[in-house]
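Q: My questions will all concern the structure given below.
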């Protein structure tokens, strides 16, 4: 940073550093992320129960290795910066509950942050987040559904597991939530935020949850969700993205539909900057679908179509929910992941053609609760 820029920051009060006599006088630039790291990375703040206690408390005092930090509804500050940092607005992470889109955005950010936290008892997954959910329920004027919101359920169901923070992610051995809820996952999840032109190709018909107590924001014993959309059979093939590595981070998956394989190794460099045509986000790592492929128990349902411009070209992105059959007579499935495929012109949607336009097999023969006019109604548990 050049001196004029530093001078400007000091004049505006962004840098008000209080140091002891052992440090030479002068102007100093503060690394904002590094400044907060001792608080963010403190072991206590990686625990699930601590998050809502910290965010909902009017004031919090943190004992760092080298200094004290404190935060409230107005600012974050420390011994070296008692006036607080004004960068990024200077507010504490839970300064206020916004209504509308801003409230939804902050909610999705909190879910991702919470999903990174650890719990001694998996059954506390929703309980340790319930106070935050209760605060949001009034401001969003919506119905809480297993860590998501009824008015946005068609979008919130498209959560995916992030492999950036950790490659190992599983479902809890203890029941915490239905498979369609992010709360069933022991790992970092990401909920998409609605933006741009999105067309939803499936519908959330109904749901039912059985709660452990009278608190509908607390622990769940069982539940189901009924979805309507275009169901299609598929196979999942495990691949190694790097022949010199074999850990889970180098595992990718291809889809096989009507004996045509859609391989993520293919790229559309000219249209999408070399991004993969297909990305499969599985809910659990270290899984093997060999037996499921043999039984023909894997399916997908077209969920969304995004239309956007990227690198000056029109691109399309399609989201598909991935399911495994549980009971064919009842049309019951469990969620196993989400797939995204990218195309150029919507009129030439390779490799999504079979996914988008449907299989050649008769759709009536596919397992479901109800079939009508090309649409399958299924239960997800």
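In my numbering, the protein residues as written are -10 to 370.
Using N, Cα and C, we set each Cβ at its ideal position, and we do this for glycine too.
Which residue from 196, 251 and 287 puts its Cα closest to that of residue 317?
A: Position 328 of the chain shown holds residue 317. When each option's Cα is compared against that of residue 317, the closest is 287.
Q: To which residues of the same chain is residue 364 closer than 6 Å at the C-beta, ignoring the five residues directly before and after it?
A: Start at 1 with the first residue of the chain shown, and residue 364 comes out as number 375. Taken in chain order, the residues that qualify are 217.
Q: To the nearest angstrom, how far is the alpha carbon of residue 135 from that of residue 332?
A: As a working mapping, residue 135 is identified with position 146 in the chain shown. As a working mapping, residue 332 is identified with position 343 in the chain shown. About 33 Å.
Q: What does a CB cutoff of less than 8 Å around residue 107 pick up in its chain, not counting 5 residues either side in sequence?
A: Residue mapping note: residue 107 aligns to position 118 of the chain shown, counting from 1. Closer than 8 Å at the Cβ level, and outside the excluded window around residue 107, lie 35, 36 and 37.
Q: Just the Cα atoms here: how many angstroms apart are residue 228 and residue 221?
A: As a first step, residue 228 is located in the chain shown; it is residue number 239 there, counting from the start. As a first step, residue 221 is located in the chain shown; it is residue number 232 there, counting from the start. Taking the straight line from one Cα to the other gives about 22 Å.
Q: Alpha carbon to alpha carbon, how far is residue 177 from residue 158? Give it in angstroms, no decimals.
A: Position 169 of the chain shown, counted from the start, is the residue given in the question as residue 158. Position 188 of the chain shown, counted from the start, is the residue given in the question as residue 177. One C-alpha to the other measures close to 8 Å.
Q: Taking contact to mean at least 3 C-beta pairs separated by less than 8 Å, is the segment 269 to 276 in contact with the segment 306 to 326?
A: yes
Q: Quick check on residue 55: does DSSP put it in helix, strand or coil?
A: On the chain shown, position 66 is the one that residue 55 refers to. Coil at residue 55, not helix or strand.
Q: Are the CB atoms of residue 25 and residue 65 within a distance shorter than 8 Å?
A: Within the chain shown, residue 65 is the residue found at index 76, counting from 1. Within the chain shown, residue 25 is the residue found at index 36, counting from 1. Yes, the Cβ-Cβ distance between residue 65 and residue 25 is below 8 Å.
Q: Give me, in chain order, the residues of the same chain whose beta-carbon lies closer than 7 Å to that of residue 139; leave out the 5 immediate sequence neighbours on both sides.
A: For the purposes of this step, residue 139 is taken as the residue at position 150 of the chain shown. The residues 131 and 132, in chain order, have a CB closer than 7 Å to that of residue 139 in the same chain once the five nearest residues on each side in sequence are set aside.
Q: Helix, strand or coil for residue 117, going by three-state DSSP, please let me know.
A: Residue numbering aside, residue 117 sits at position 128 when the chain shown is read from its first letter. The three-state reading of DSSP puts residue 117 in helix, counting H, G and I together.
Q: Are the beta-carbon atoms of residue 245 and residue 226 separated by less than 8 Å?
A: Counting from one through the chain shown, the residue named residue 245 turns up at place 256. Counting from one through the chain shown, the residue named residue 226 turns up at place 237. In contact: residue 245 and residue 226 (Cβ atoms closer than 8 Å).
Q: Short of 6 Å in beta carbon distance, which residues of its chain neighbour residue 53, apart from the five on each side in sequence? Order them along the chain.
A: The sequence position of residue 53 within the chain shown is 64, counting from 1. For residue 53, where only same-chain residues beyond five positions count, the Cβ hits under 6 Å are 27.
Q: Sort 114, 306, 367 and 105 by Cα distance to residue 151 and report the nearest one.
A: Position 162 of the chain shown, counted from the start, is the residue given in the question as residue 151. If we check each option's Cα against that of residue 151, 105 comes out closest.
Q: Just reading off the alpha helix (DSSP H) that residue 284 is part of, what are its end residues?
A: Residue numbering aside, residue 284 sits at position 295 when the chain shown is read from its first letter. From DSSP, the alpha helix (DSSP H) with residue 284 extends over 279 to 284.
Q: By Cβ distance below 6 Å, which residues in the same chain neighbour residue 123 in space, the five residues on each side in sequence not counted?
A: On the chain shown, residue 123 is found 134 positions in, with the first residue counted as 1. Closer than 6 Å at the Cβ level, and outside the excluded window around residue 123, lie 206.
Q: Tell me where the alpha helix (DSSP H) around residue 37 begins and ends.
A: Residue 37 sits at position 48 when you count from the first residue of the chain shown. It spans 37 to 45 - the alpha helix (DSSP H) in which residue 37 sits, taken as one unbroken run.
Q: Using alpha carbons as the reference points, say which of 276, 127, 251 and 169 lies closest to residue 147.
A: Within the chain shown, the letter at position 158 stands for residue 147. Checking every option, the nearest Cα to that of residue 147 belongs to 169.
Q: May I have the straight-line CA-CA distance separating residue 355 from residue 289, to the nearest angstrom?
A: Residue 355 sits at position 366 when you count from the first residue of the chain shown. Residue 289 sits at position 300 when you count from the first residue of the chain shown. Near 11 Å, if we compare the C-alpha coordinates of residue 289 and residue 355.
Q: Between the beta-carbon of residue 160 and the beta-carbon of residue 292, is there less than 8 Å?
A: Along the chain shown, one-based indexing puts residue 160 at 171. Along the chain shown, one-based indexing puts residue 292 at 303. Against a cut-off of 8 Å, the Cβ pair of residue 292 and residue 160 comes out as no contact.
Q: Between the alpha carbons of residue 248 and residue 63, how many angstroms are there, rounded?
A: As a working mapping, residue 248 is identified with position 259 in the chain shown. As a working mapping, residue 63 is identified with position 74 in the chain shown. About 59 Å.
Q: DSSP three-state call for residue 271: helix, strand or coil?
A: The residue labelled residue 271 in the question sits at position 282 within the chain shown. If DSSP states are grouped into helix, strand and coil, residue 271 belongs with the strands.
Q: Just reading off the beta strand (DSSP E) that residue 244 is part of, what are its end residues?
A: What you label residue 244 is simply residue 255 of the chain shown in a count that begins at 1. In this chain, the beta strand (DSSP E) harbouring residue 244 covers 240 to 246.
Q: Should residue 167 and residue 359 be called a contact, given that it needs their Cβ atoms to be closer than 8 Å?
A: As a working note, residue 167 is residue 178 in the chain shown. As a working note, residue 359 is residue 370 in the chain shown. Cβ atoms of residue 167 and residue 359: not closer than 8 Å.
Q: Classify residue 321 as helix, strand or coil using the three-state DSSP reduction.
A: Residue 321 sits at position 332 when you count from the first residue of the chain shown. The answer is strand: DSSP assigns residue 321 an E or B state.
Q: Excluding sequence positions up to five away, which residues of its chain have a Cβ less than 7 Å from the Cβ of residue 172?
A: Taking the chain shown and counting its residues from 1, one reaches residue 172 at position 183. Result list for residue 172: 114, 115, 135, 136, 165 and 166, in chain order.
Q: At the level of alpha carbons, what is the spacing between residue 71 and residue 50?
A: As a first step, residue 71 must be located in the chain shown, where it is residue number 82. As a first step, residue 50 must be located in the chain shown, where it is residue number 61. Answer to the nearest angstrom: the Cα atoms are 13 Å apart.
Q: Checking the sheet assignment: what are the DSSP bridge partners for residue 192?
A: The residue labelled residue 192 in the question sits at position 203 within the chain shown. Paired residues: 217.
Q: From the DSSP output, read off the bridge partner residues of residue 250.
A: Sequence index remark: in the chain shown, residue 250 carries index 261 (1-based). Note: residue 250 sits in a beta bridge opposite 245.
Q: Going by other Cβ atoms of all chains shown within 10 Å of its Cβ, with 16 needed for buried, is residue 367 buried or exposed?
A: Locating residue 367 in the chain shown gives position 378, where the first residue counts as 1. Buried: at least 16 other Cβ atoms inside 10 Å.
Q: Restricting to Cα atoms, I'd like to know which of 55, 295, 117 and 357 is closest to residue 181.
A: Translated into the one-based positions of the chain shown, residue 181 becomes position 192. The shortest Cα separation from residue 181 among 55, 295, 117 and 357 belongs to 295.
Q: Label residue 219 either buried or exposed according to how many other C-beta atoms from any shown protein chain fall within 10 Å of its C-beta, with 16 as the threshold for buried.
A: Here the question's residue 219 lines up with position 230 in the chain shown. Residue 219 sits buried, since 16 or more C-beta atoms from the chains shown fall within 10 Å of its C-beta.
Q: Assuming contact is defined by CB atoms lying nearer than 8 Å, are residue 213 and residue 197 in contact in what I supplied?
A: The sequence position of residue 213 within the chain shown is 224, counting from 1. The sequence position of residue 197 within the chain shown is 208, counting from 1. Taking 8 Å as the Cβ cut-off, residue 213 and residue 197 qualify as a contacting pair.
Q: If you drop the 5 nearest sequence neighbours on each side, which residues of the same chain put their C-beta closer than 6 Å to that of residue 308?
A: Taking the chain shown and counting its residues from 1, one reaches residue 308 at position 319. The residues are 147, 292, 293 and 329.
Q: Starting from residue 365, follow the beta strand (DSSP E) in both directions and report where the run begins and ends.
A: On the chain shown, position 376 is the one that residue 365 refers to. Start and end: 364 to 369.
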